[in-house]
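Trainee: Each residue of the sequence shown is one higher than the one before, starting from 0 at the first, in numbering that gives the first Met the number 0. Glycine is no exception: its CB is placed at the ideal position from the N, C-alpha and C atoms.
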Amino acid sequence: MLKAALAFLIVCGLPLLAQQGRGTILGTVTDPSGAAIANVKVIVTNTGTSFAFQAETSQEGFYTTPAIPVGSYTVSAENAGFKKALRSGITLQVDQRAQVNLVMEIGSVTESVEVSAQA
């Protein structure tokens with residue numbers, strides 16, 4: 000009876016070990032006129048671990064990085080003909096869908112525009 004109870008507790012407790020707090024960072028990338036920019040490389044980087052998640056914008060300029068661990072992040076976007084856009088100070092909470100929209104200024108990729116804010 001004791002072995003059965005112990006086995007039950009172990010089996011029921013295993014899923015709890017695999018659960019971690021996760022959230023989603025999503026948004027749109029546009030030019031200064033508000034037009035969506037397709038095929039933009041978006042990199043979402045955890046500032047605590049330096050682990051990066053990569054996404055690419057759709058034809059509508061939309062990107063998403065679902066089910067990423069909670070923590071502090073920066074979001075950057077790069078595309079030919081535009082300055083690199085960078086947003087820092089984003090704190091992702093458990094089950095949060097943080098919307099981080101980026102506006103890319105026209106210019107060369109070697110230039111960048113940084114915005115510091117909290118989602």
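Following the continuous beta strand (DSSP E) through S107, name the residue where it begins and the one where it ends.
Mentor: Taking the first residue of the sequence shown as position 1, residue 107 is located at position 108. Careful: S107 lies outside any beta strand (DSSP E) and carries neither H nor E.
Trainee: Would you mind working out which of G33, K82, G20 and G22 sits nearest N100, comparing C-alpha positions?
Mentor: Position 101 of the sequence shown holds residue 100. Comparing Cα positions, the closest option is G33.
Trainee: Mind checking which residues open and close the beta strand (DSSP E) that includes K40?
Mentor: As a working note, residue 40 is residue 41 in the sequence shown. Per DSSP, K40 belongs to the beta strand (DSSP E) from K40 to N45.
Trainee: Does P31 come out as helix, strand or coil in the three-state DSSP assignment?
Mentor: Against the sequence shown, residue 31 aligns to sequence position 32. If DSSP states are grouped into helix, strand and coil, P31 belongs with coil.
Trainee: State the beta-bridge partners of A97 as determined by DSSP.
Mentor: Position 98 of the sequence shown, counting from 1, holds the residue named residue 97. Answer by DSSP bridge pairing, in chain order: I24.
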